[in-house]
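First residue of the sequence shown: 125, per the working numbering; consecutive thereafter. Here the structure comes first, spelled out in structure tokens, and everything after it is commentary.
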Amino acid sequence: MKPNFFIVGAPKCGTTAMNEYLKSHPDIFMAEKKEMHFFGKDFEMRSRITEQDYLHEFKNATEKRIIGEASVWYLFSKTAAEEIKKFSPGAKILIMLRNPGELLYSLHSQHLYDGNENIADFATAIKYDKDRAKGLKDPVSVDFIKLPAYIDSVLFADQVKRYLDVFGKENVYVILYEDLASDTTAVVKNVIKFLGLSADINIDARVINPNKQIRNFKLHRLLKKPPEMLRRIVRVLLPSKKLRERIMNRAFKNNIVIEKRQPMDENLRNELKILLSDDIDRLSVIINRDLSKWKL
């Protein structure tokens, strides 16, 4: 079975929650594995799923009308839209967006958690964004050979336009994170209607994927990307793979705390608003939504 529905991003915009909500519909199959990133060949990933393994993720979708997956960097990719269109010509596309400044702050935390960022201070990471775009001061990323630049990743106008041009407005649905947060049930039901299905179902609108804060960054990066020598030593000392995984999972859990993120520095917030203002104006026209609150 081939997927015919794609949640293409953006990151930190509620895609994980939406993925889970849609699973509750009897006519929707969402792949259990999120962030497969089979498409987007312009991305240099450290590992990429094969087509055989990708299609295997949908083997149990035989009775479903909508077969979907969610990979948040498809939106940023310059090639993913065309690749998806070629693979699944009649596909429906869901784009989820958020105030780009707030998104960046959240994305930085996620990169730290995933082991894709080695600068703990958000302002410093943004400061080095231009250098990283040139290949300087690039972190040793777990997932990416080259981490997407922060600012570039939230310039949504061209990203959204690319999907509208490739798939047509009738096949692309755009929702905002703040709408999902304020009335989750209504937004999810609108997505279901966009997919051509009955929305007469109950939605369990619980909080999914809360913010995670790391206690010790050095320990976290060591656990995420241990040196090969350390891996060998651990395998000798702990031959049981299940025991190793249990200890690693416990170490991860003990080094993470679930709590609200501290407010962003106001000066930095204002700098980001100025930097992103023009793109927000362009996006507002493209999706026909008033985004002035993103600039306040």
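Where is the CB? At the ideal position from N, CA and C, for every residue including glycine. No experiment lies behind these values; they were computed from the predicted model shown.
### Proximity winner among GLU352, LEU420, LEU346, relative to ASN379 (alpha-carbon distances)
For ASN379, the closest alpha carbon among the candidates GLU352, LEU420, LEU346 is that of LEU346.
### Query
Is it the case that the Cβ atoms of LYS285 and LEU227 are separated by a distance below 9 Å?
No, these two residues do not count as a Cβ contact at 9 Å.
### Task
Please specify which runs of the beta strand (DSSP E), each continuous and at least 3 residues long, are wholly inside the stretch 382 to 419, giving them in chain order.
DSSP runs (the beta strand (DSSP E)) wholly in the stretch 382 to 419: none.
### Task
Would you tell me roughly how many angstroms separate the C-alpha atoms of LEU399 and ASP253, rounded to the nearest one?
Near 13 Å, if we compare the C-alpha coordinates of ASP253 and LEU399.
### Task
Whole angstroms is fine: what's the gap from SER401's alpha carbon to SER277's?
Cα to Cα, SER401 sits roughly 15 Å from SER277.
### Query
Which value, in whole angstroms, describes the spacing of the CA atoms of ILE411 and LEU221?
Note on geometry: alpha-carbon atoms of ILE411 and LEU221 lie some 11 Å from one another.
#### Entry: Burial state of LEU420 (16 or more Cβ within 10 Å)
LEU420 comes out exposed.
#### Entry: Straight-line Cα distance separating ASP282 from ARG406
Note on geometry: alpha-carbon atoms of ARG406 and ASP282 lie some 9 Å from one another.
#### Entry: Burial state of SER195 (16 or more Cβ within 10 Å)
SER195 should be labelled buried.
### Message
What does DSSP give as the partner residue(s) for ALA194 in the beta ladder?
### Response
Per DSSP, the beta bridge partners of ALA194 are ILE131.
### Query
So does the stretch 307 to 327 actually touch the stretch 136 to 148, counting three or more Cβ pairs closer than 8 Å?
The answer is yes - the stretch 136 to 148 touches the stretch 307 to 327, with three or more Cβ pairs under 8 Å.
### Query
Using CA coordinates, which residue listed in GLY192, LYS202, ILE316 is at the minimum distance from ASP166?
If we check each option's Cα against that of ASP166, LYS202 comes out closest.
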